[in-house]
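Asks: Provided herewith is a single structure, encoded as structure tokens, for subsequent inquiry.
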Amino acid sequence: MTIAARPPRGGASAGAAPAGHATRSARSGRAGVVADIAARRLSDVRAELGGRSYRSLADEAAAYAALPGGAVRPVAERLAAPGLHLIAEVKRRSPSAGAIAADADPIALARAYEAGGASAISVLCEAHWFGGSVADLTAVRRAVTLPILAKEFVVDERQLPVLRATGADLVLLLACILPAAKLARFARLARELGLEPLVEAHDERELEAALATEARLIGLNNRNLRTLAVDPEQCLRLRTLVPNDRLVVGESGVTDPRMLVGWRAVGLDAALIGEALMRSADPAAAARAFVTAGSVPHDVAAEARLPLVKICGVTDSEGVLSAVRSGADAVGLNIVPGTPRCLTLTEASWLATLVRGASPAGKRPRIVVVTADASPAETRAAIAAIDPDAVQLSGNEPVAAIASIGRPVWKVLHLPDGASDAASVAADAIAAGRAYLAAGAERIILDTAGGPFRGGTGRLIDRGVAAAVARELPVILAGGLEPSNVAEAVIEVPAIGVDVSSGVEQNSSTGRSRAPRAPGSRPRKDPLRVALFAKRARAARFDRPHVPVRPTPVPDALLEPDAQGRWGLNRDFGGRYVPETLVAALDQLEAAWRQTRHDPRFWAELRELQFHYGGRPTPVYRADRLGAEVLEAARGLADERQDRLPDRLRLYLKREDLNHTGAHKLNNALGQVLLTRRLGKSRVIAETGAGMHGVATATACALLEIPCVVHMGVEDIKRQAPNVLRMEALGAEVRPVHGGSGTLKDAVSEALRDWVTNVETSHYCLGSTMGPHPYPMIVRDFQRVIGDEAAAQLMAIEGRLPDMAIACVGGGSNALGLLNRFIGEPSVRLAVAEAAGEGIGTGRHAAALLGGTPGILHGSRSYMLQDPGGQVIEAVSISAGLDYPGIGPQLAALMEAGRLVVSSATDVEAIEAMRQVARTEGILAAVESAHAVAALPGVLARTAAEGGEPLPREVVVVLGLSGRGDKDLAALGLREAAR
Amino acid sequence: MTAIVAPSTTAPPVAPAGTNDTAGARRIAAAFARAASENRAALIPYVVAGYPDHETSLAAALAAADAGADLLEVGLPYSDPLADGATLQRATSAALRAGATLERSVALLRSISAARPDLPLVPMCYANQILGGGDGRAVAGRLAEAGAAGVIVADMTPDEGARFEAVARELGLAVVYLIAPTTTPDRRVAVARRSGGFLYCVSLVGVTGARTSLPPSVRGLVAAAKADSPVPVAVGFGVSTPAHVRMLVRAGADGVIVASALVDALGPDGHHVAALSRLVGELRAATARPNART
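Protein chains in written order, with our numbering: chain P, 83 to 1061; chain H, 2 to 295.
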């Protein structure tokens, strides 16, 4: 690439700018305006600095750094804090944008940015094209306390010490104007001066050169500096190529704060924003909006998925403080004699005191003292000196040793190296782990074996073995973890925590190639790597709700469908029974779903909508009066087995009625309509029974501007008129379905016909966990937020999971939404209440499980109401939302496997329960949800009657209040008249 | 950094043998061969069992047979026919109201079979009617015993059909599969290989129902199906006029299936058997292949 030196247009003085509008590459030649700028900079710098040596300039920089106010302001650890941070830029004009703010006062702007929460300020230093100057940089530095980025075109190494001496803390280095060797050299020189280099790339070739330097900050620029064209997806694409031990800054093209939600989710650590801030009328507010958008949202369900982080082998105060600052859940103090990180008892005791003192109130890391084959006397002495929260046994301690320790025990299992038989290694580890847990150990840590010391070798455990063990036992994963590999580890292995020692130490400048330990020196933690490790480990799971994160003994067949969409121990429920015409669309939907369900950006953006638009999370509310009446009714039913009933029922209502649109349906509708965009479809079809799914879909389509058609049976239209009006008010077209019985099943059939006919343009937004694969999985994936939240909320309130989860069930969306989280937890009983209509014995009901038989309905094999000839029988229920003759295949699978208690309530009982909930708690529950309330006394009585484990004396039950009952007031009224 | 799970493929598993080597498939093949030897496509009318009532549907079936059917499809009425448009929905509802049951439909097949033993019968139904919660042996056995040569299950693709094919093989029944304009080329090959007797080529993206015109793309679809299929290709959905039939024959179809148009021909009360007979005759005349160019 030739850098042709060109004089500026229109003026001889150094301060004159060429015409400020965009200089396209056509005018500047193939190399673009950036080459012009670089060339001009080179000649200017040579003119300014004359024959001055690098050495003399470096001395000046050192002198500056020694002055008060001259010391470098560190930025890396700020960016390694959770979330995406703002680097706010001061810039008067640019080649791409022309004049932006010619009269801008950089000091006022910088202060506004600081007030708005920016983490650093970027100051343009280039005069001719950007209207910037080094004087601006110095002035800004004096005005704020934040680190300052010199946004400069560095082409001569002597610019580096000059920038430091004028107050820069970071410096931009462009891979597009520096050949790779020079880029690496400049990065090294910058770091030697204390300047943090931000090495910027726009494409893969430049990124390769950037990654080959020792820079810790990598900038990914959406703008091509040669053509000035901006592609807002470029930094997201390139992010996947940057190892996780670098900090990554996205640049250019950010116009809307909402973009930063996705940027944070894909793992960008900062955004460099200039024009959008410079053009705003209130820069502090604008900065605040960007900072807020990039911050980690408070999401209890997501937080419950995060792995524990243990920083082990801490050897000094800096290590303790960095662990505390990064929010580590545990700190390991090694007292094993002869190991590199071994502390004396005095040192360990002092560090433990520091942990306690330095931690914010109420939240401090657990102090774990690490021993290996210590004698009882040594262990006692360590406990007495250090007062740890737990003792880690890293040697060959037998199971019998656990009981005598006297403190919680964390036991390390060492997996043999070079395992050829992964299955038997895993099996042995599982057996050993179970034995230790049974003997009372609190935690199990998986580590590698071999080397001169047990564990702590920095070698990785075989992922497959680790995953197999973590699936069965709660384990903390150790062995060779570090910032660049921990994210993959916690995605692939359902470990409950991660443990790191050498991976966060100061062995090498990039941390990727680990230098061998010098004998006699004690390794020290690198605060940046500690912070980054914690950040990457947590971020990996925060926006991935479907990655398994804990062990479960429940077979996968009850938790996930196979590739053909079949559920159940015999893999015989579900599947895909559809006309051939729909296969291509279902294949496309499935392929898109398999990608999307693990795409953090999708989930972060959906969460934004659910939280800020939908009103999530929904509360759990303890309904004491209702609970007391329910327990009393259960006593009446249990008769002589009353003694086996609990003394007290803490009944929590999970309030999906408080979701926007008044039911849980929006969780699925928002997700599927967002997915519709990804599929490139331009129209949404839905079916609806009660109208709640129709309203939810119409709502999501109005929000996301996609045309919507809702098929609704004529009978349902009659009994749910308010919902029809709502859908039409939201802009949806409601099409009456006359065929069959004019209810939900016929609406589903008609929606499927619409889809068969319009499959190329339309997405069918199915409302429940039924239908052909992949719908049962997709709808479950969108509704599971209900139970994920409820579990986290109950853990916070009760300190444990509920003893039972119960919900009404029609197709299964609210039931699986609540129950999904608990299927894999054997201590939680699962119950559903079907709609028994006029009574199951009358044949006029909607209870597919209790009153139906296996069959194929609307694309999947499950239980359904049918006559001996296989004709579908109409369901009968006062509740339009449960009035469906089938049920989702996963629920059929759970029932057949004995994992689900199935009960029911009649219309009369449900109406009565509606009244009861209104009277006792002031909540108008939907008649659907009321079925669960009505059935609960019977379910409790049944548990008392059957053998086996009784319920605890103080029982915690969570009930899915799936929707509000305004739509059912008329039904209440009718029954009133009938009474 | 992220582990993206590769999209799963749902192409039908590489063939077990399908059901093309059954007695039923051979009868079907023979019917197509006979038509071919007469230099015409096979005509496959469709009647709804029990519409408008049992006796009339028998009369309609026999009339269709006599007016030139090479094979006869018989629809078994179902409460939730999601592949069917308004015409067939109406007819099947009426049949159910008039008392149609599986029993009576089987009896109908037996009657037709007794009266016209050389006419291969292919009942068409939905998965729940034939499989229900099981492997379909009971119902398929009765269909076979009543004279069916094959069966078409409108909502069962080869992805779900392997178990039923095994049952059908034992009973000597062909299981006919469908391809649609949305079927990908690879899948079309795979489905064709599994189809017994013939391959049902759905002409349009939609449900059943007479159309004024068929989409021009059907020609390409028929040509592609012919290239991929080891068994004869019959085209259905929307076919209602002699012009349609001629177009499909020119496009290379081995057979044409006509359903809703015949139900329409029976008139609003379903009794106009003579009109049905007339229409079948016209359609049959249209199946003649144009003479080869010299």
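Each residue gets a CB set at the ideal place from its N, CA and C atoms; glycine is no exception.
Model, not experiment: these values are computed from the prediction.
Go ahead and label Q724(P) buried or exposed: buried means 16 or more other beta carbons lie within 10 angstroms of its beta carbon, across all protein chains shown.
Replies: So Q724(P) counts as exposed.
Asks: What's the call for T843(P), buried or exposed, on a 16-neighbour Cβ count within 10 Å?
Replies: Label assigned to T843(P): exposed.
Asks: Does the beta carbon of G133(H) come closer than 8 Å to any beta carbon on chain P?
Replies: At least one chain P Cβ lies under 8 Å of G133(H).
Asks: Provide the residue span of the beta strand (DSSP E) that contains G256(H), from first to last.
Replies: Start and end: 256-259.
Asks: Given that A666(P) touches chain H, what residues does it touch there, using C-beta distances under 7 Å?
Replies: Chain H residues near A666(P): T183, T184, T185.
Asks: Residues of chain H with a CB under 7 Å from the CB of R835(P): which are they?
Replies: Those are L83, V208, listed as they occur along chain H.
Asks: Within 10 angstroms of its Cβ, does K445(P) collect 16 or more other Cβ (buried), or is it exposed?
Replies: The residue is exposed, with fewer than 16 neighbouring Cβ atoms inside 10 Å.
Asks: Any idea what DSSP makes of P279(P), helix, strand or coil?
Replies: In the structure shown, P279(P) sits in a strand (DSSP, three-state: E or B).
Asks: How many whole angstroms separate the CB atoms of D836(P) and H793(P), which I take to be in contact at a CB cut-off of 8 Å?
Replies: With a Cβ gap of about 7 Å, D836(P) and H793(P) count as contacting.
Asks: Can you find a CB in chain H that lies within less than 8 Å of the CB of Q865(P)?
Replies: Q865(P) does not count as touching chain H.
Asks: Just to confirm, are H746(P) and S895(P) a CB contact at a threshold of 8 Å?
Replies: Going by C-beta atoms, H746(P) is nearer than 8 Å to S895(P).
Asks: Would a check of beta-carbon distances place Y136(P) closer than 8 Å to chain B?
Replies: Any reference to chain B falls outside this structure, whose protein chains are P and H.
Asks: Would you give the residue range spanned by the beta strand (DSSP E) that D608(P) belongs to?
Replies: Segment: none, D608(P) is in no beta strand (DSSP E) and carries neither H nor E.
Asks: Between A483(P), L289(P), K264(P), G249(P), which has its C-alpha nearest L275(P)'s C-alpha?
Replies: Comparing Cα-Cα distances from L275(P) to each of A483(P), L289(P), K264(P), G249(P), the minimum goes to G249(P).
Asks: Please return the same chain residues whose Cβ sits closer than 6 Å to the Cβ of R759(P), not counting the five positions on each side in sequence.
Replies: Excluding sequence neighbours, R759(P) sits near nothing in its chain.
Asks: What does a CB cutoff of less than 7 Å around V1009(P) pick up in its chain, not counting 5 residues either side in sequence?
Replies: Same-chain partners within the cutoff: I960, S961, A992, I993, M996, G1047, D1050, A1053.
Asks: With DSSP as the reference, label Q1116(P) as helix, strand or coil.
Replies: Outside the displayed span of chain P (83 to 1061) sits residue 1116(P), for which this structure offers no information.
Asks: Under a three-way DSSP split, which group does K392(P) fall into?
Replies: Of the three classes helix, strand and coil, the one that applies to K392(P) here is strand, per DSSP.
Asks: When the Cα of V259(H) is compared with those of T213(H), V240(H), R189(H), A224(H), which residue comes out closest?
Replies: Out of T213(H), V240(H), R189(H), A224(H), V240(H) has the C-alpha closest to the C-alpha of V259(H).
Asks: Among V867(P), V418(P), A120(P), which one has its Cα closest to the Cα of N750(P)?
Replies: Looking at the Cα atoms, V867(P) is the closest of the given residues.
Asks: Give me whichever residues DSSP pairs with A872(P) in a beta bridge.
Replies: A872(P) is not bridged to any residue.
Asks: Going straight from the alpha carbon of E239(P) to that of A272(P), what length do you get?
Replies: Taking the straight line from one Cα to the other gives about 9 Å.
Asks: Taking three-plus beta-carbon pairs below 8 Å as touching, is the region 130-148 of chain P in contact with the region 375-392 of chain P?
Replies: With the cut-off at 8 Å, the region 130-148 of chain P and the region 375-392 of chain P do not touch.
Asks: Whose C-beta lies closer than 6 Å to the C-beta of L222(H) among residues of the same chain, with five residues either side of it excluded?
Replies: The answer, listed in chain order, is P182.
Asks: Use the C-beta contact count for K736(P): other C-beta atoms within 10 angstroms, 16 or more gives buried, fewer gives exposed.
Replies: Flag for K736(P) reads buried.
Asks: Looking at the strands, I want to know which residues DSSP matches up with Y127(H).
Replies: Beta-bridge pairing links Y127(H) to no other residue.
Asks: Determine, for Q948(P), whether the minimum Cβ-Cβ distance to residues of chain H falls below 8 Å.
Replies: Output row for Q948(P): interface = yes.
Asks: Give a yes or no on whether 8 Å exceeds the smallest Cβ distance from S230(H) to chain P.
Replies: Taking Cβ atoms only, chain P never reaches closer than 8 Å to S230(H), which makes this a no.
Asks: Where do the ends of the beta strand (DSSP E) carrying L73(H) lie?
Replies: 73-76 is the extent of the beta strand (DSSP E) around L73(H).
Asks: On the premise that E832(P) lies in contact with V819(P), defined as a C-beta separation below 8 Å, what is that separation, rounded to the nearest angstrom?
Replies: Yes, they are in contact, since the Cβ atoms of V819(P) and E832(P) sit about 4 Å apart, within 8 Å.
Asks: CA-CA distance, A443(P) and I879(P)?
Replies: For A443(P) and I879(P), the distance between alpha carbons rounds to 19 Å.
Asks: For a minimum of 3 consecutive residues, which ranges assigned as the beta strand (DSSP E) are wholly contained in the region 714-769 of chain P?
Replies: The region 714-769 of chain P contains these whole beta strand (DSSP E) runs: 730-737.
Asks: Can you tell me which of V219(H), V234(H), A254(H) puts its alpha carbon nearest to the alpha carbon of G198(H)?
Replies: Selected option, being the one with the closest Cα: V234(H).
Asks: Taking the alpha carbon of L761(P) as the reference point, which residue from A674(P), T825(P), A782(P) has its own alpha carbon closest?
Replies: Of A674(P), T825(P), A782(P), the residue nearest in Cα terms is A674(P).
Asks: Do T1097(P) and V450(P) have their CB atoms nearer than 8 Å?
Replies: Absent from the model: residue 1097(P). The displayed extent of chain P is 83 to 1061, so no value can be given.
Asks: State yes or no: is the beta carbon of V6(H) nearer than 8 Å to at least one beta carbon in chain P?
Replies: In this predicted model, V6(H) has a pLDDT of only 29, less than 50, meaning its place in the structure is not dependable; the value taken from the coordinates is given anyway. It does; some Cβ of chain P falls within 8 Å.
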